[in-house]
Ligand SMILES: [Zn+2]
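Numbering (this note's numbering), first residue to last: -18 to 272.
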């Protein structure tokens, strides 16, 4: 059997894992009896091509159309290589049209970082993914929706739904009903684009309430390995606990960490400390300025 980097979640769903080296998200393919839906286009033609080649090599079905989880570069720069009809939220389409007017040279990226319209992390990753030739052509989605869209792929039904959240207001999830798989894109990540990285307690709680209404066995977050239902539940509880502790202790970082540590029964790891930082940043931002 040929070796592959693809991984199968269910009979209908296969994905290519994320690659943090240049911030490549998970790309996935969902096949019904009649149609195959791709999720996200990847961060470059090279990334998109790798996925398409792997699918072909292993006789997987060809993708018929693509859905974008949100407009960020790492999910959309592969669209031109995919050369497929694109489905997106109307907000994603609006943002992509704006990106079409931008230049992607080192100088242009550096200028936008200086002006605050691009973040250093993305500029650095774009330079790394495209060390020489930047063949970046931003496509316009041809099928847009505002709230939700249901697709019957032939015995496999996908619900694409707009959920928003701090990370990107156009964020959508894809729920594969028969397979009980929920693709979350980046919707649970913090807001990277407006100063210090942050979570807004209210937004996170609304989002978690929404996400926890889906009956899923697998939770696919774009830049991580898939989570089981129990793992997702545990993370949701962790986020909810931080929100409660913020309400009790305000922005007292060490009191929040002590409460959390007590809650999970061990010391916090670095990643968890960052999450607390992002909540505290959001909390501070929502306080009236007392100067
Ligand atoms: Zn993103």
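The C-beta atom is built at its ideal place from N, Cα and C for all residues, glycine as well.
Proximity winner among the options, relative to residue i (alpha-carbon distances)
i: residue 143; options: 5, 44, 48 and -11; result: 48
i: residue 120; options: 56, 215, 140 and 249; result: 56
i: residue 36; options: 256, 180 and 63; result: 63
i: residue 147; options: -16, 187 and 91; result: 187
i: residue 110; options: -2, 197 and 26; result: 26
i: residue 139; options: 118, 164, 116 and 108; result: 164
i: residue 254; options: 230, 202, 223 and 193; result: 223
i: residue 15; options: 24, 28 and 46; result: 46
i: residue 206; options: 216, 2 and 7; result: 7
i: residue 219; options: 155, 157, 175 and 169; result: 169
i: residue 214; options: 133, 204 and 200; result: 200
i: residue 53; options: 31, 76, 113 and 247; result: 76
i: residue 23; options: 118, 161 and 94; result: 118
i: residue 18; options: 258, 131 and 252; result: 131
i: residue 221; options: 240, 107 and -9; result: 240
i: residue 59; options: 105, 256, 235 and 116; result: 116
i: residue 136; options: 257, 193, 157 and 233; result: 157
i: residue 202; options: -16, 184, 38 and 155; result: 155
i: residue 269; options: 43, 231 and 237; result: 231
i: residue 287; options: -12, -16 and 28; result: Past the edges of the chain, shown from -18 to 272, lies residue 287, and the structure says nothing about it.
i: residue 81; options: 1, 94, 61 and 162; result: 61
i: residue 226; options: 237, 211 and 252; result: 237
Residue i - containing beta strand (DSSP E), residue span
i: residue 153; result: 153 to 157
i: residue 19; result: 17 to 20
i: residue 10; result: 8 to 12
i: residue 28; result: Here residue 28 belongs to no beta strand (DSSP E); instead the alpha helix (DSSP H) covers 26 to 38.
i: residue 48; result: 46 to 48
i: residue 142; result: 138 to 143
i: residue 116; result: First-last for residue 116: undefined, no H or E at that position.
i: residue 72; result: No beta strand (DSSP E) contains residue 72, which is instead part of the alpha helix (DSSP H) from 71 to 80.
i: residue 133; result: 129 to 133
i: residue -9; result: -12 to -9
With 16 other Cβ atoms within 10 Å as the buried cut-off, status of residue i
i: residue 40; result: exposed
i: residue 102; result: exposed
i: residue 78; result: exposed
i: residue -3; result: buried
i: residue 83; result: exposed
i: residue 13; result: buried
i: residue -7; result: buried
i: residue 267; result: exposed
i: residue 99; result: buried
i: residue 50; result: buried
i: residue 271; result: The predicted model places residue 271 with a pLDDT of 49, which falls under 50 and marks its position as unreliable, so this point remains unresolved.
i: residue -14; result: exposed
i: residue 171; result: buried
i: residue 74; result: buried
i: residue 197; result: buried
i: residue 9; result: buried
i: residue 228; result: exposed
Terminal residues of the alpha helix (DSSP H) in which residue i lies
i: residue 247; result: Looking at the DSSP string, residue 247 is not in any alpha helix (DSSP H), and its letter there is neither H nor E.
i: residue 5; result: Careful: residue 5 lies outside any alpha helix (DSSP H) and carries neither H nor E.
i: residue 105; result: 101 to 110
i: residue 88; result: 87 to 96
i: residue 192; result: 182 to 192
Would you call the region 254 to 263 and the region 179 to 190 touching, i.e. three or more CB-CB distances under 8 Å?
yes
Jot down the residue ranges of each uninterrupted beta strand (DSSP E) in the region 196 to 221, minimum 3 residues, whole runs only, in chain order.
199 to 202
Would you call the region 67 to 77 in contact with the region 117 to 135, where contact means no fewer than 3 C-beta pairs closer than 8 Å?
yes
Taking three-plus beta-carbon pairs below 8 Å as touching, is the region 80 to 100 in contact with the region 148 to 156?
no
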